[in-house]
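Residue numbers (the UniProt record's numbering): 1 to 360.
Beta carbons are placed, not taken as given, at the ideal position from N, Cα and C, and that holds for glycine.
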């Protein structure tokens with residue numbers, strides 16, 4: 001993995017000129033974010049950006065003093081540039097046009113559930129961050145599992161060849177990944193599922209933890225700038241914890257996993273959230289059961305505008321209720337380096353313990 005990081009640094013980190021059409025990843029009050037060669041680039045502009053695609057020409061360099069952008073995994077900023085709105089009609093714009101028919105609250109939730117887009121300036125985003133629930137609103141393996149599950153059920157009724165079914169399912173997942181603009185959390189889930197199925201077809205015995213490690217190494221080749229962000233590290237630790245717990249014989253696995261999710265999110269994001277909710281673990285359990293239901297509904301019925309507005313208004317009210325009945329206390333700053341070392345040691349211990357037991 002270290003070799004992969006060094007190689008990517010040598011290959012990409014000196015490329016600083018762009019001249020192309022790009023899809024907008026995020027829009028902020030003072031600018032937009034695009035992706036170029038797996039680099040997230042912030043473009044500060046007063047130009048009215050009405051479309052989801054822009055033509056950009058200019059030079060970018062590394063951000064050195066903007067903590068807000070760095071925390072979002074954005075490490076580059078465009079300086080001298082030309083920018084123009086570009087109208088492109090494709091499947092993505094069709095989905096976005098359907099989502100835009102919903103009211104403001106529904107649109108924000110659906111964008112998070114289906115497209116993985118978050119509005120960092122919104123009240124909903126602030127509530128989710130303060131309640132330590134943001135990790136529940138990330139495109140993850142659950143999305144891909146739901147899509148795979150329903151496609152398997154439907155195609156089983158048609159009685160197609162199982163190998164053809166595998167190809168078809170992964171083609172659909174790849175199309176969805178393209179719709180998400182290859183977001184790292186979604187790409188991670190896709191690679192993991194692909195590796196699992198490939199090992200099964202080739203009859204290669206590789207356990208889930210080893211598959212996870214292989215996937216992590218592959219991702220380190222793909223995007224060096226994202227693998228070192230707090231959000232990415234948190235999501236990887238949550239996934240790793242889920243795999244380890246699933247392979248143990250402990251009781252009440254869901255309760256233990258929810259507690260781990262809560263502790264991980266609080267410690268890793270301690271210098272970002274600065275406060276912790278006393279009832280956070282309880283809300284973690286409550287919304288941890290509720291959000292997957294919303295995920296399933298949204299994936300199938302995001303086009304049902306009238307019902308969307310009703311259901312997502314209810315979700316916002318529940319979040320407001322939870323926020324109003326929360327007791328926040330200020331937490332001390334934990335240096336991220338120490339937190340990272342601590343969890344890396346725990347991961348190594350879990351791998352060693354698993355390896356030791358497998359040889360008994």
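query                                                                                                                                                              : result
Rounding to the nearest angstrom, what Cα-Cα distance links residue 17 and residue 289 in this structure?                                                          : 46 Å
Using a threshold of 8 Å, state whether the C-beta atoms of residue 54 and residue 24 are closer than that.                                                        : yes
Where does residue 211 fall in DSSP's three states?                                                                                                                : helix
For residue 301 and residue 295, what's the separation of their Cα atoms in angstroms?                                                                             : 10 Å
Which partner residues of residue 42 appear in the DSSP bridge assignment?                                                                                         : 33, 77
Using three-state DSSP, classify residue 183 as helix, strand or coil.                                                                                             : coil
Out of 304, 160, 26, 235, state which residue places its alpha-carbon closest to the alpha-carbon of residue 136.                                                  : 235
Less than 8 Å between the beta carbons of residue 161 and residue 308, yes or no?                                                                                  : no
May I have the straight-line CA-CA distance separating residue 210 from residue 62, to the nearest angstrom?                                                       : 35 Å
Which residue comes first and which comes last in the alpha helix (DSSP H) that contains residue 141?                                                              : 141-158
Where DSSP assigns a beta bridge to residue 328, which residues make up the other side?                                                                            : 277
Using a Cβ-Cβ cut-off of 7 Å (strictly less than) and excluding sequence neighbours within five positions of residue 206, which residues of its own chain qualify? : 199
Which same chain residues end up closer than 6 Å to residue 262 when comparing Cβ atoms and leaving out the 5 residues on each side of it in sequence?             : 280, 281, 284
With distances taken between CB atoms, is the gap from residue 77 to residue 113 smaller than 8 Å?                                                                 : no
In whole angstroms, what separates the C-alpha of residue 278 from that of residue 169?                                                                            : 42 Å
Tell me, please, whether the segment 242-255 touches the segment 142-159 by the rule of three or more beta-carbon pairs shorter than 8 Å.                          : no
Helix, strand or coil for residue 297, going by three-state DSSP, please let me know.                                                                              : helix
For residue 62, does the three-state DSSP call read helix, strand or coil?                                                                                         : strand
Is the shortest distance between the beta-carbon of residue 121 and the beta-carbons of chain C less than 8 Å?                                                     : Reference to chain C is not applicable here, since this structure consists of a single protein chain.
Residue 264 to residue 125, Cα distance in whole Å?                                                                                                                : 19 Å
According to the Cβ coordinates, are residue 45 and residue 58 closer than 8 Å?                                                                                    : no
Using the three-state DSSP reduction, which class does residue 254 fall into: helix, strand or coil?                                                               : helix
Just the Cα atoms here: how many angstroms apart are residue 197 and residue 203?                                                                                  : 10 Å
Which same chain residues end up closer than 6 Å to residue 138 when comparing Cβ atoms and leaving out the 5 residues on each side of it in sequence?             : 185
Do residue 105 and residue 304 count as a contact pair if the criterion is CB distance below 8 Å?                                                                  : no
State the Cα-Cα distance for the pair residue 157 and residue 134, rounded to the nearest angstrom.                                                                : 37 Å
For residue 239, which option in 221, 215, 222 has the closest C-alpha, if you only look at C-alpha atoms?                                                         : 215
Secondary structure at residue 57, three-state DSSP: helix, strand or coil?                                                                                        : strand
Is the distance from the Cβ of residue 97 to the Cβ of residue 140 below 8 Å?                                                                                      : no
Say yes only if the C-beta of residue 166 is nearer than 7 Å to one or more non-hydrogen atoms of the ligand FAD, and no if none qualify.                          : This structure does not include the ligand FAD; it has no bound ligands of any sort.
So what's residue 107 in DSSP terms, helix, strand or just coil?                                                                                                   : helix
Excluding the 5 residues flanking residue 212 on each side, which residues of the same chain have their C-beta closer than 8 Å to its C-beta?                      : 192, 239, 240, 243
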